[in-house]
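Convert by adding 2 to the 1-based position in the sequence shown; the result is the number in the numbering used here.
No residue lacks a Cβ here, since even glycine has one placed at the ideal position from N, Cα and C.
Here the structure is a predicted model, which is why all the values come from computation and not from measurement.
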Amino acid sequence: MVHNSTVQKILVFSFSIFLILSSFGLCLADNCIVTPKSMTMDYTGIPTTNESITFTVEGESDCDSTLYYYFSYIGGYGTTAYATNSWENMRDVVWSSDNSVTYSFSEAGSYVVVAWVSPTQSTPNPVPLIGTTVTIVDGGSESDCIFDASALDITVSDAITGAAISGATITASGQTATTGSSGTTTLTHLPTNTEITVTVTASGYSSQTSQVFMECGESQSQGFALLSDSAGLQGDIKVILTWGENPRDLDSHITGPMTDGDDRFHVYYSNKNNCSSAPCDSTVPAWLDVDDTSSYGPETVSIQKRSDGTFMAGTYKYYVHHYSGTSDIPSSGAMVKIYKGGTEIRSFSPPSTTAAVTDDWVWSVFSMDVTASGSVSITPVNTYSGTHYSNDTTIFRSLLEEAELPEEYHLFLDMPEKY
Numbered sequence: 003m004v005h006n007s008t009v010q011k012i013l014v015f016s017f018s019i020f021l022i023l024s025s026f027g028l029c030l031a032d033n034c035i036v037t038p039k040s041m042t043m044d045y046t047g048i049p050t051t052n053e054s055i056t057f058t059v060e061g062e063s064d065c066d067s068t069l070y071y072y073f074s075y076i077g078g079y080g081t082t083a084y085a086t087n088s089w090e091n092m093r094d095v096v097w098s099s100d101n102s103v104t105y106s107f108s109e110a111g112s113y114v115v116v117a118w119v120s121p122t123q124s125t126p127n128p129v130p131l132i133g134t135t136v137t138i139v140d141g142g143s144e145s146d147c148i149f150d151a152s153a154l155d156i157t158v159s160d161a162i163t164g165a166a167i168s169g170a171t172i173t174a175s176g177q178t179a180t181t182g183s184s185g186t187t188t189l190t191h192l193p194t195n196t197e198i199t200v201t202v203t204a205s206g207y208s209s210q211t212s213q214v215f216m217e218c219g220e221s222q223s224q225g226f227a228l229l230s231d232s233a234g235l236q237g238d239i240k241v242i243l244t245w246g247e248n249p250r251d252l253d254s255h256i257t258g259p260m261t262d263g264d265d266r267f268h269v270y271y272s273n274k275n276n277c278s279s280a281p282c283d284s285t286v287p288a289w290l291d292v293d294d295t296s297s298y299g300p301e302t303v304s305i306q307k308r309s310d311g312t313f314m315a316g317t318y319k320y321y322v323h324h325y326s327g328t329s330d331i332p333s334s335g336a337m338v339k340i341y342k343g344g345t346e347i348r349s350f351s352p353p354s355t356t357a358a359v360t361d362d363w364v365w366s367v368f369s370m371d372v373t374a375s376g377s378v379s380i381t382p383v384n385t386y387s388g389t390h391y392s393n394d395t396t397i398f399r400s401l402l403e404e405a406e407l408p409e410e411y412h413l414f415l416d417m418p419e420k421y
């Protein structure tokens, strides 16, 4: 993760994108060669709205004439607005022999500041210019979030097979990128400390649109899993889990009614019930299509129609278990999407919490009532539970007898190893 909590990192960021927008030495009036050498910024602390910042340019020429400077800026750097904004003059006199300008920005955002340099008080053609970027945060907040320092690494895969999807198109915040052979791509200069809309499309697959919260100044990762058009035509109910790079392994667990009416089934990595073309156990109407153990997902569960075209009616419950890896479920970027056929009918993201939801905890996501005809009613649960009874302070209360404990406790009491 890339954090930007210090002034030093802001300075590094600003000058690392130091721009030389034209050739340094150019023959201008009377064959005078003008060479801008550097642009610096003078401010204290974190640049905020309505705070004065002094921009200074050092330049030289091979003639005796006075050099003149014209300072301008353009906003919206890192966004689609950058391409359409017009340049703004930064002082009343356009051309001045003063090689510095003091300016304050009234709106938060990222700006490109440019100084045009000339041996006369007019614009030569071509013109030597030099510039840099500066990021302004809201002066009314305590945030030190750099607006365009965030990036999103995206991995796109097939929801049923887990195979990488190359050629998938990703759009977010006015940007477009395409996945390579490994199914990955990266979007940069995204807004931070806010939620962005990410849309993923690929030939032969249902498109997917999700909201991703971009942490302040961080480089994040996010997995997306697309359902193929052929898989959607089957009309089954599918629950698809994806997440980011960390934790390394999140697991899908689903329980529900067995077709013989005897107890409830539990499908997960140790009981996938997956015989490729049909469930291994015909009394269990669900299987795990893919179990991912190396970040991003997908983990996909299918609830299939029976041979007569109907669903096994009853209540199904879905959980996400943090099996292994650093980080935690709330900050994992996990997304749970429920499909009926090729149509997304509901999605869930982990709720925020002040509890220490660490390794081996469980996110109880939803309860779902399904009728024989396929009508679906979803009830959000969205709570976290520790899998160790003595340590739990959320769902499992210490005064309960074991027989009174909810399903989650019994499911996750003794998980078999899989590595």
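Worksheet entry | Whole alpha helix (DSSP H) elements within the stretch 170-238, 4-residue minimum | 231-234
Worksheet item: Based on the DSSP secondary-structure assignment, which residues constitute the bridge partners of residue 268?
Response: Within the sequence shown, numbered from 1, the residue matching residue 268 stands at position 266. Partner(s): 257.
Worksheet item: Does the Cβ-Cβ distance between residue 76 and residue 114 come in under 8 Å?
Response: Position 74 of the sequence shown, counting from 1, holds the residue named residue 76. Position 112 of the sequence shown, counting from 1, holds the residue named residue 114. Yes; because the gap between Cβ atoms is below 8 Å, this pair is in contact.
Worksheet item: If you drop the 5 nearest sequence neighbours on each side, which residues of the same chain put their C-beta closer than 8 Å to that of residue 288?
Response: Within the sequence shown, the letter at position 286 stands for residue 288. Counting only Cβ-Cβ distances below 8 Å, and skipping sequence neighbours, we find 256, 258, 267, 269, 275, 281, 303, 304, 305, 306, 318.
Worksheet item: Could you give the distance in angstroms between the alpha-carbon of residue 176 and the alpha-carbon of residue 263?
Response: The residue you call residue 176 lines up with position 174 of the sequence shown. The residue you call residue 263 lines up with position 261 of the sequence shown. Near 52 Å, if we compare the C-alpha coordinates of residue 263 and residue 176.
Fill in: Runs of alpha helix (DSSP H) wholly within the stretch 304-356 (minimum 4 residues, chain order)
Under the rule that a run must span 4 or more residues, no alpha helix (DSSP H) segment is found entirely inside the stretch 304-356.
Worksheet item: Hey, residue 130 and residue 119: beta-carbon distance below 8 Å or not?
Response: The count along the sequence shown starts at 1 and reaches residue 130 at position 128. The count along the sequence shown starts at 1 and reaches residue 119 at position 117. The answer is yes: Cβ separation under 8 Å.
Worksheet item: Start and end of the beta strand (DSSP E) containing residue 155?
Response: Against the sequence shown, residue 155 aligns to sequence position 153. Taken as a continuous stretch (DSSP letters only), the beta strand (DSSP E) holding residue 155 covers 152-160.
Worksheet item: Nearest to residue 295 by CA position, among 248, 372, 156, 352, is which residue?
Response: Counted from its first residue, the sequence shown places residue 295 at position 293. Looking at 248, 372, 156, 352, the one whose alpha-carbon comes closest to that of residue 295 is 248.
Worksheet item: residue 107 bridges to which residues according to DSSP?
Response: Here residue 107 is taken as the residue at index 105 of the sequence shown, counted from 1. Answer is none; residue 107 lacks a bridge partner.
Worksheet item: Do three or more CB pairs link the stretch 239-253 to the stretch 353-360 at distances below 8 Å?
Response: no
Fill in: Nonlocal neighbours in the same chain, by C-beta distance under 6 Å from residue 91, ignoring five residues either side
Along the sequence shown, read from residue 1 onward, the residue named residue 91 stands at position 89. So the list reads 74, once near-sequence residues are dropped.
Discussion item. Cutting at 7 Å between CB atoms, please list the residues of its own chain near residue 316, excluding the five before and the five after it.
Written reply: For this step, residue 316 is matched to residue 314 along the sequence shown. If we look at residue 316 and ignore the five residues flanking it on each side, its Cβ neighbours are 258, 259, 372.
Discussion item. Just verifying my parser: in three-state terms, what is the DSSP assignment at residue 69?
Written reply: Sequence index remark: in the sequence shown, residue 69 carries index 67 (1-based). Residue 69: coil per DSSP, three-state reduction.
Worksheet entry | Alpha-carbon spacing of residue 94 relative to residue 38, whole angstroms | For the purposes of this step, residue 94 is taken as residue 92 along the sequence shown, with counting starting at 1. For the purposes of this step, residue 38 is taken as residue 36 along the sequence shown, with counting starting at 1. When rounded, the distance between both Cα atoms is 22 Å.
Item to complete: Pull up the distance between the alpha-carbon of residue 173 and that of residue 190, whole angstroms please.
Response: The residue you call residue 173 lines up with position 171 of the sequence shown. The residue you call residue 190 lines up with position 188 of the sequence shown. Going from the Cα of residue 173 to the Cα of residue 190 covers about 12 Å.
Worksheet entry | Span separating the alpha-carbon of residue 252 from that of residue 232 | Residue mapping note: residue 252 aligns to position 250 of the sequence shown, counting from 1. Residue mapping note: residue 232 aligns to position 230 of the sequence shown, counting from 1. Rounded to whole angstroms, residue 252 to residue 232 spans 27 Å at the Cα level.
Discussion item. For residue 152 and residue 52, I'd like the C-alpha separation in whole angstroms.
Written reply: Residue numbering aside, residue 152 sits at position 150 when the sequence shown is read from its first letter. Residue numbering aside, residue 52 sits at position 50 when the sequence shown is read from its first letter. Using only the alpha carbons, I get a separation of about 24 Å.
Item to complete: With a 10 Å radius around its C-beta and 16 neighbouring C-beta atoms as the bar for buried, classify residue 412 as buried or exposed.
Response: For this step, residue 412 is matched to residue 410 along the sequence shown. With fewer than 16 Cβ atoms within 10 Å of its Cβ, residue 412 is classed as exposed.
Fill in: Helix, strand or coil at residue 409 according to DSSP, with G and I counted as helix
On the sequence shown, residue 409 is found 407 positions in, with the first residue counted as 1. Of the three classes helix, strand and coil, the one that applies to residue 409 here is helix, per DSSP.
Worksheet item: Are the CB atoms of residue 156 and residue 187 nearer to each other than 8 Å?
Response: Counting from 1 along the sequence shown, the entry for residue 156 is found at position 154. Counting from 1 along the sequence shown, the entry for residue 187 is found at position 185. Yes, Cβ-Cβ distance for residue 156 and residue 187 is below 8 Å.
Worksheet entry | Spatially closest choice to residue 378 from 342, 333, 286, by CA coordinates | Residue mapping note: residue 378 aligns to position 376 of the sequence shown, counting from 1. Ranking the options by Cα distance to residue 378, first place goes to 342.
Discussion item. Taking 8 Å as the threshold (C-beta atoms), are residue 367 and residue 325 in contact?
Written reply: As a position in the sequence shown, residue 325 is number 323, starting the count at 1. As a position in the sequence shown, residue 367 is number 365, starting the count at 1. Against a cut-off of 8 Å, the Cβ pair of residue 367 and residue 325 comes out as no contact.
Item to complete: With a cut-off of 8 Å on the beta carbons, I'd call residue 359 and residue 349 a contact; round off their distance for me.
Response: For the purposes of this step, residue 359 is taken as the residue at position 357 of the sequence shown. For the purposes of this step, residue 349 is taken as the residue at position 347 of the sequence shown. With a Cβ gap of about 20 Å, residue 359 and residue 349 do not count as contacting.
Discussion item. For residue 292 and residue 81, what's the separation of their Cα atoms in angstroms?
Written reply: Against the sequence shown, residue 292 aligns to sequence position 290. Against the sequence shown, residue 81 aligns to sequence position 79. Put simply, the backbone Cα of residue 292 is about 37 Å away from that of residue 81.
Discussion item. Would residue 162 and residue 204 qualify as a contact pair, given that the criterion is a beta-carbon distance under 8 Å?
Written reply: Here the question's residue 162 lines up with position 160 in the sequence shown. Here the question's residue 204 lines up with position 202 in the sequence shown. No. Outside cutoff.
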